[in-house]
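Undergrad: Each residue of the sequence shown is one higher than the one before, starting from 0 at the first, in numbering that gives the first Met the number 0.
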Amino acid sequence: MNFTMKLASSYMRSIIVAVLTLFLFAACTKDEKPSEQNLYEKLRLVQYIENEHHRIGVYSRSGTLTVGYNDVYFQLEDKQGNVLYPASMSWLPMMYMSSGHSHSCPHADIAIADKASWFQAFAIFTMASEGDGDYWQLEFTYVLNGQSYQLLGRVSVRPSPRRTLQQFLGADGKSYVIALKAPSEPIVGINEMEVGLFQSHMGHHIEEVKDYIIKIDPRMPTMGNHGSPNNTDLTYHPNGFYKGNLSLTMTGYWRINMVLLNQLGETIKGEPITEDNESSSLYLELEF
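This is the structure:
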């Protein structure tokens, strides 16, 4: 009898330990893999843009839009704040200037995000808003319940504290835009660097530039202009951006000098760093 009771007690303890182990494992797994919901809960509202029927919430991770690369998220709602599910949505960011000129900027088509009620895109704003004189306007078209709607409204675009974008005229006479996408949170060590490169035709027709080479030479101007080892050239990838390795050996201000070469190896913009030349005319900045 005692042996039977001891065996039963041991068996129950084994079951309890197994259940607790599974519970703890599930809890750890849940903590290690945040749900998609958590990603969108962290987004911050930039502003609402409204028409007589609906409103579109414009969101970003910081709650602002700045000159340079921006990941932007959208959600369509009715006037009471109930989320709606349009069949499609498109947009066009436009800068309207007091001079009477207008232009767009490099941007992606709107796509449905991982969570079905959200839409997402990117925009590379090429200049800041300047009050009522020069302003950015987002122009949306969407289809809901078989009916097409339009919606537009102004948004504020702030200056970037560092040069994360450069517009320039290349040696080939063409207008270019280059913008830093990553690293957005630099670390000491090897970082994946990612930039967008575009050609602008009169500010309205903007297209990706493919298969160029971007040579990089990061330097610290406030620290004797020293460089870093193990950097690699940026090359074009199928996602539409250029990628390579950026080596940052310490925290502080970095100037990422660049030389842009076309498919023939011809220099379009930028100069190598030498004893007599401490900075390229083509560069982006990081500080962390």
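Glycine is no exception: its CB is placed at the ideal position from the N, C-alpha and C atoms.
Extract the residue ranges of the beta strand (DSSP E) inside the stretch 147-205, only unbroken runs of 3 or more that lie entirely within it.
TA: Listed in chain order, the beta strand (DSSP E) runs fully inside the stretch 147-205 are 164-168, 174-181 and 188-200, counting runs of at least 3 residues.
Undergrad: Is the beta carbon of P158 closer than 7 Å to that of A127?
TA: yes
Undergrad: Tell me the rounded alpha-carbon separation between G62 and K41.
TA: Looking at the two C-alpha atoms, the distance is approximately 10 Å.
Undergrad: Here's the rule: buried if 16 or more other CB atoms are within 10 angstroms of the residue's CB, otherwise exposed. What is Y84?
TA: exposed
Undergrad: Looking at the strands, I want to know which residues DSSP matches up with L285.
TA: W253
Undergrad: Is it true that the CB of W135 sits closer than 7 Å to the CB of M94?
TA: Yes, these two residues count as a Cβ contact at 7 Å.
Undergrad: Less than 7 Å between the C-beta atoms of Q166 and V154, yes or no?
TA: Cβ atoms of Q166 and V154: not closer than 7 Å.
Undergrad: Rank G172, H100 and R254 by C-alpha distance to the C-alpha of S279 and give the top, closest one.
TA: R254
Undergrad: By the 10 Å Cβ neighbour count, where 16 or more other Cβ atoms means buried, how is L179 classified, buried or exposed?
TA: buried
Undergrad: Do you know how far the Cα of S97 is from the Cα of Q198?
TA: 24 Å
Undergrad: Would you please state the rounded distance, in angstroms, between the beta carbons of E265 and R161? I believe it to be under 8 Å.
TA: Contact doesn't hold; Cβ gap of about 29 Å is too wide.
Undergrad: Just to confirm before moving on: does the CB-CB distance between N69 and L150 stay below 7 Å?
TA: no
Undergrad: Are there 16 or more other CB atoms within 10 angstroms of the CB of L44, so buried, or fewer, so exposed?
TA: exposed
Undergrad: Quick one: grab the DSSP three-state call for T63.
TA: T63 falls in the coil class under three-state DSSP.
Undergrad: Pop quiz: N256 and I215 are said to be a contact at Cβ under 8 Å. What is the actual Cβ separation, rounded to whole angstroms?
TA: 7 Å
Undergrad: List the DSSP bridge partners of K214.
TA: DSSP output for K214 lists V258 as bridge partner(s).
Undergrad: In this structure, does DSSP put Y220 in helix, strand or coil?
TA: As written in the sequence, residue 220 is Pro, which differs from the Tyr given in the question. Helix at P220.
Undergrad: Does DSSP put N229 in a helix, in a strand, or in coil?
TA: coil
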